[in-house]
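Student: Sharing a structure here in structure tokens format.
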Amino acid sequence: EAQVTQNPRYLITVTGKKLTVTCSQNMNHEYMSWYRQDPGLGLRQIYYSMNVEVTDKGDVPEGYKVSRKEKRNFPLILESPSPNQTSLYFCASRRGGGSSEQYFGPGTRLTVT
Amino acid sequence: AQSVTQPDIHITVSEGASLELRCNYSYGATPYLFWYVQSPGQGLQLLLKYFSGDTLVQGIKGFEAEFKRSQSSFNLRKPSVHWSDAAEYFCAVGAIGNTPLVFGKGTRLSVIA
Chain A
6 EAQVTQNPRY
16 LITVTGKKLT
26 VTCSQNMNHE
36 YMSWYRQDPG
46 LGLRQIYYSM
56 NVEVTDKGDV
66 PEGYKVSRKE
76 KRNFPLILES
86 PSPNQTSLYF
96 CASRRGGGSS
106 EQYFGPGTRL
116 TVT
Chain B
48 AQSVTQPDIH
58 ITVSEGASLE
68 LRCNYSYGAT
78 PYLFWYVQSP
88 GQGLQLLLKY
98 FSGDTLVQGI
108 KGFEAEFKRS
118 QSSFNLRKPS
128 VHWSDAAEYF
138 CAVGAIGNTP
148 LVFGKGTRLS
158 VIA
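Chains A and B, in that order, are what the protein sequence lines are.
Residue 6 is where the first sequence starts when you use my numbering, and the numbers rise one by one after that.
Residue 48 is where the second sequence starts when you use my numbering, and the numbers rise one by one after that.
So, in structure tokens, the structure goes:
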């Protein structure tokens, strides 16, 4: 089954404790993205990657890091989480090209206290 | 760069009534247009997409959307809403090449008996 998986689905952590949210896709997609969703703000892109070892900042990259060492994986790293990073996070993937459908993971609910 | 506006933050309709969700886009060329739905606690699922050709596109769950170039719009419609349609709906626009999809802020649909 074609899918994007994220782990963990729920995470409660404390300020400053480094964490990684994993994302993996099994569709051999070139393009992967991370979004955060906050009430009233919709989906905002954090980072995206057009292929292995190619990443770029989205609209709200501050406080986040990503890496793309393999085509299928695109982890999101919060080196020093802060309460304003409490949010719902989605990973997504699609084939290259603007016309292709984007597939979303189930989301990770992160709370930073 | 492309942009998307969903003018309605929240819409309430009665079960069985018709529905139209508005989406306006800005892009200099023919855009790639998408509608996604996010049910409570779920990820985003593609409802339908427009690339070219027939301006009226059919999607899943009985939804359709019409591309109107003159109005820069891609409104989502359903003739008879079911309670299970209560969700958040996102319009998105893609451009030629490997550029990120741009999402609107979403419209939350409530369905009342």
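In this text, a Cβ means the ideal position worked out from N, Cα and C, and glycines have one as well.
Who are the near neighbours of A:Thr18 in its chain, counting only those whose CB is closer than 7 angstroms to its CB and skipping five residues on each side?
Tutor: Leu24, Pro86 and Val117
Student: Starting from B:Glu111, trace the beta strand (DSSP E) both ways and give me its first and last residue.
Tutor: Looking at the DSSP string, the run of the beta strand (DSSP E) that includes B:Glu111 is Glu111 to Lys115.
Student: Using a C-beta cutoff of 8 angstroms, does A:Ser98 count as contacting chain B?
Tutor: Taking Cβ atoms only, chain B never reaches closer than 8 angstroms to A:Ser98, which makes this a no.
Student: What's the call for A:Trp39, buried or exposed, on a 16-neighbour Cβ count within 10 Å?
Tutor: buried
Student: Name, please, each residue of chain B whose Cβ falls closer than 7 angstroms to the Cβ of A:Leu48.
Tutor: Phe137 and Phe150
Student: Which whole-angstrom value describes the C-beta separation of A:Arg99 and A:Tyr36, a residue pair presumed to lie in contact below a C-beta threshold of 8 angstroms?
Tutor: 5 angstroms
Student: Can you give me the Cβ contacts of B:Phe98 inside the same chain, cut-off strictly under 7 angstroms, excluding the 5 residues immediately before and after it?
Tutor: Taken in chain order, the residues that qualify are Tyr79.
Student: Are at least three pairs of beta-carbons, each pair with one atom in the segment 56 to 63 of chain A and one in the segment 63 to 71 of chain B, less than 8 angstroms apart?
Tutor: no
Student: For a contact meaning CB atoms closer than 8 angstroms, what does B:Pro87 contact in chain A?
Tutor: Those within 8 angstroms of B:Pro87 in chain A number zero; the least Cβ separation is about 11 angstroms.
Student: On a Cα-Cα basis, can you pick out the residue from B:Asp55, B:Ser50 and B:Ser86 that is closest to B:Asp132?
Tutor: Comparing Cα positions, the closest option is B:Ser86.
Student: From the beta carbon of B:Pro126, is the nearest beta carbon of chain A less than 8 angstroms away?
Tutor: no
Student: If the cut is a Cβ gap below 8 angstroms, which residues of chain B does A:Pro111 touch?
Tutor: Gln89 and Gly90
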